[in-house]
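These protein sequence lines are chains A and B, in that order. Every position in the first sequence, counted from 1, becomes a number in the working numbering once 11 is added. Every position in the second sequence, counted from 1, becomes a number in the working numbering once 15 is added. Here the structure is laid out as structure tokens; the discussion comes afterwards.
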Amino acid sequence: MTDRDQTFDKVAKLIEPFNKKGVKLGETTSFAGDLEWDSLIVMDFVASVEDEFDILITMNMQAEIETVGQLVDAVERLRNEG
Amino acid sequence: MTDAIATADDPARETAAAPSHRGDLFSKFDALIAEREALLDTGVRDPFGLVMEKVHSPTLATVKGKETILLGTYNYMGMTFDPDVIQAGKDALDAYGSGTTGSRVLNGTYQGHKECEEALKDFYGTAHAMVFSTGYQANLGLMSTIAGKEDYIILDADSHASIYDGCAMGNAQIVRFRHNSVDDLEKRLKRLPAEGGRLVVLEGVYSMLGDIAPLADMVRVAKEAGAMVVVDEAHGMGFFGPNGRGVFEEAGVEDQVDFVVGTFSKSVGTVGGFVVSNHPKFEVLRLVCRPYVFTASLPPSVVATAATSIRKLKFAGNKRAHLWENSKRLHQGLRDLGFTLATPEAQSAIIAVLLPDQDMTVRMWQALLEAGVYVNMARPPATPAGTYLLRCSLCAEHSSEQVGQILGMFEAAGKATGYLS
Numbered sequence: 012m013t014d015r016d017q018t019f020d021k022v023a024k025l026i027e028p029f030n031k032k033g034v035k036l037g038e039t040t041s042f043a044g045d046l047e048w049d050s051l052i053v054m055d056f057v058a059s060v061e062d063e064f065d066i067l068i069t070m071n072m073q074a075e076i077e078t079v080g081q082l083v084d085a086v087e088r089l090r091n092e093g
Numbered sequence: 016m017t018d019a020i021a022t023a024d025d026p027a028r029e030t031a032a033a034p035s036h037r038g039d040l041f042s043k044f045d046a047l048i049a050e051r052e053a054l055l056d057t058g059v060r061d062p063f064g065l066v067m068e069k070v071h072s073p074t075l076a077t078v079k080g081k082e083t084i085l086l087g088t089y090n091y092m093g094m095t096f097d098p099d100v101i102q103a104g105k106d107a108l109d110a111y112g113s114g115t116t117g118s119r120v121l122n123g124t125y126q127g128h129k130e131c132e133e134a135l136k137d138f139y140g141t142a143h144a145m146v147f148s149t150g151y152q153a154n155l156g157l158m159s160t161i162a163g164k165e166d167y168i169i170l171d172a173d174s175h176a177s178i179y180d181g182c183a184m185g186n187a188q189i190v191r192f193r194h195n196s197v198d199d200l201e202k203r204l205k206r207l208p209a210e211g212g213r214l215v216v217l218e219g220v221y222s223m224l225g226d227i228a229p230l231a232d233m234v235r236v237a238k239e240a241g242a243m244v245v246v247d248e249a250h251g252m253g254f255f256g257p258n259g260r261g262v263f264e265e266a267g268v269e270d271q272v273d274f275v276v277g278t279f280s281k282s283v284g285t286v287g288g289f290v291v292s293n294h295p296k297f298e299v300l301r302l303v304c305r306p307y308v309f310t311a312s313l314p315p316s317v318v319a320t321a322a323t324s325i326r327k328l329k330f331a332g333n334k335r336a337h338l339w340e341n342s343k344r345l346h347q348g349l350r351d352l353g354f355t356l357a358t359p360e361a362q363s364a365i366i367a368v369l370l371p372d373q374d375m376t377v378r379m380w381q382a383l384l385e386a387g388v389y390v391n392m393a394r395p396p397a398t399p400a401g402t403y404l405l406r407c408s409l410c411a412e413h414s415s416e417q418v419g420q421i422l423g424m425f426e427a428a429g430k431a432t433g434y435l436s
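See the structure below:
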């Protein structure tokens, strides 16, 4: 299992409590479209991802992240920078 | 053209005339239009379309011909009908005319604007004060101007729209922390890169739930991380601290707060905004802050009323005491009746009643209005965490008798709607 796979699994676990409709998660699953999250859920979820990986995902970065795959890539990048 | 004007205010015609061509820019609002229509179809009055036909005092108005107690204004200190304030406005209108027709940096700074800034410096005990045309613009200006692309703004997730909009207008990196959580703020400050400036943005009173920030701890962790601190005291000015400066005064962190943002549209009782500071280079903002430069300055009568009101607020200790008394009594009384409130005790002059859903909230709102008391209805996205609430804000001019009447009306409305058994 690669580092990226492990990150994907951890992110998927963090999505779980907010995945009310039980949407199946893949690289292209989108937060707004597929998971139907509003800005309040996004805030809660982002905070939990930040705390899990000890990183900061600024609102500027969040604006560019639409899918689970993009988030996993961003987390990987931020962890390597840190 | 006449047709267009005639239909503009007619919601029925608005939807009927929806264009059939592709790419109508208004189609993104369809869900909201439908939700609003469904609500109004149930026969309730529009909570966001109320008109006050007459205003008799800070606490009393006529709505649809009925005398109504005002419990949903930001007129905390009841200054809007103060005789000195009104006289100052009339005198300025006579002496300086109805408006300045110009920016503060061109032809829009009159003697009255300088006097108003002097009144603020005296009230806050600061070296500098800058008056903006609204409180919204003060936040827009400060956030967008002082933090650049390499800098970080760290803000509470429940920050006011004007703070978010100021961040969106600027180029800084924006980091949020969970509402009022000192731990969450500290964690995020520790994760910031070493380079780049830091601005922590806090509010004294959060206006939706009426809860106050733990400013002593928050300012301490912000300063330990080398950040500058701004506190927005929109809903705290006039009411908190020995001099009425705000929650930051009461928390004892005056010497560590770099900027205080405020408004004239709440306790001061008119309209306008300001930033006060002791920063030695503060005055340069008058040249670089776009929401200050590229808009008309406040009318002379407005700055005259603001200055007079601010001078009086400094010595309004009795009014502050009565406002606390009103707030505590309403909070206790509503709890005793069986309502669920957003804070365990009265933390500010805002008492927020939590209700289960939009339907119950609107019905309660209307029942209260029919009984003779006006409160604010608030719903997401203005409210945090998807809450529906009736927001009551007290005034120092509410009499004890009025607070008793209000409690009676809440009891009647709660029973009429079936919320209270």
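Note that CB positions come from ideal geometry on N, CA and C, so glycine has one too.
So residue i contacts chain A; which residues on that side make the cut at Cβ distance below 7 Å?
| i | result |
| --- | --- |
| G401(B) | L51 |
| I189(B) | T69, M70, N71 |
| R203(B) | L67 |
| R350(B) | What R350(B) touches in chain A: nothing, since even the nearest Cβ is about 27 Å away. |
| A172(B) | M54 |
| R326(B) | Ordered by position in chain A, no residue passes the 7 Å Cβ test against R326(B), which lies about 40 Å from the chain. |
On the three-state DSSP scale, how would you describe residue i?
| i | result |
| --- | --- |
| K205(B) | helix |
| K69(B) | strand |
| E360(B) | coil |
| C182(B) | helix |
| F274(B) | strand |
| D247(B) | strand |
| N122(B) | coil |
| T95(B) | coil |
| E132(B) | helix |
| T18(A) | helix |
| K24(A) | helix |
| R394(B) | coil |
| L302(B) | helix |
| M54(A) | helix |
| I189(B) | strand |
| M145(B) | strand |
| K35(A) | coil |
| D226(B) | strand |
| S292(B) | strand |
| R235(B) | helix |
| L108(B) | helix |
How should residue i be labelled, buried or exposed, when 16 other C-beta atoms within 10 angstroms of its C-beta is the threshold for buried?
| i | result |
| --- | --- |
| G33(A) | exposed |
| S415(B) | exposed |
| Q152(B) | buried |
| S282(B) | buried |
| R37(B) | exposed |
| N341(B) | buried |
| S312(B) | buried |
| D226(B) | buried |
| V71(B) | Rather than Val, the amino acid found at residue 71(B) in this sequence is His. So H71(B) ends up on the exposed side. |
| I76(A) | buried |
| E132(B) | buried |
Just the Cα atoms here: how many angstroms apart are residue i and residue j?
| i | j | result |
| --- | --- | --- |
| A10(B) | N154(B) | The structure shown does not extend to residue 10(B), since chain B is modelled only from 16 through 436, so no value can be given for it. |
| D372(B) | T124(B) | 48 Å |
| P98(B) | D199(B) | 47 Å |
| L302(B) | F138(B) | 24 Å |
| K21(A) | F29(A) | 14 Å |
| L65(B) | D65(A) | 48 Å |
| D180(B) | T149(B) | 14 Å |
| L54(B) | F354(B) | 24 Å |
| R191(B) | D55(A) | 10 Å |
| L25(A) | L82(A) | 12 Å |
| R440(B) | G185(B) | Outside the displayed range of chain B (16 to 436) lies residue 440(B), so it cannot be described from this structure. |
| V86(A) | S159(B) | 28 Å |
| A142(B) | Y389(B) | 40 Å |
| T39(A) | E92(A) | 24 Å |
| G387(B) | L352(B) | 18 Å |
Find the residues of chain A that neighbour residue i, judging by a C-beta separation of less than 9 Å, and give them in chain order.
| i | result |
| --- | --- |
| P396(B) | D49, S50, L51 |
| R344(B) | None at all; the shortest Cβ gap to chain A is about 33 Å. |
| R193(B) | M54, D55, A58 |
Mind pulling the chain A residues with CB within less than 8 Å of residue i?
| i | result |
| --- | --- |
| L207(B) | L67 |
| R213(B) | Going along chain A, no residue has its Cβ under 8 Å from R213(B), so there is no contact; the nearest lies around 12 Å. |
| R305(B) | Those do not exist, as R305(B) stays about 20 Å from chain A at its closest Cβ, beyond 8 Å. |
| R260(B) | Going along chain A, no residue has its Cβ under 8 Å from R260(B), so there is no contact; the nearest lies around 31 Å. |
For residue i, is the beta carbon positioned less than 7 Å from some heavy atom of the ligand MG?
| i | result |
| --- | --- |
| M223(B) | In the structure on display, the ligand MG does not appear, and there are no ligands present to speak of. |
Please list, in chain order, the chain B residues whose beta carbon lies closer than 8 Å to that of residue i.
| i | result |
| --- | --- |
| A85(A) | Going along chain B, no residue has its Cβ under 8 Å from A85(A), so there is no contact; the nearest lies around 14 Å. |
| M43(A) | A small fix is needed here, since residue 43(A) is Ala in this sequence, not Met. Result: empty, since nearest Cβ-Cβ is about 13 Å, beyond 8 Å. |
Using 8 Å as the limit for Cβ to Cβ distance, is residue i near chain C?
| i | result |
| --- | --- |
| V22(A) | Included in the structure are the protein chains A and B, with no chain C among them. |
- Query: Where are the alpha helix (DSSP H) runs, 4 residues long or more, that stay fully inside the stretch 307-383 of chain B, in chain order?
  - Reply: As far as the stretch 307-383 of chain B is concerned, its whole alpha helix (DSSP H) runs of at least 4 residues are 315-328, 332-352.
- Query: Which whole runs of the alpha helix (DSSP H) in the stretch 33-57 of chain B are 4 residues long or more, in chain order?
  - Reply: Listed in chain order, the complete alpha helix (DSSP H) runs (minimum 4 residues) inside the stretch 33-57 of chain B are 45-56.
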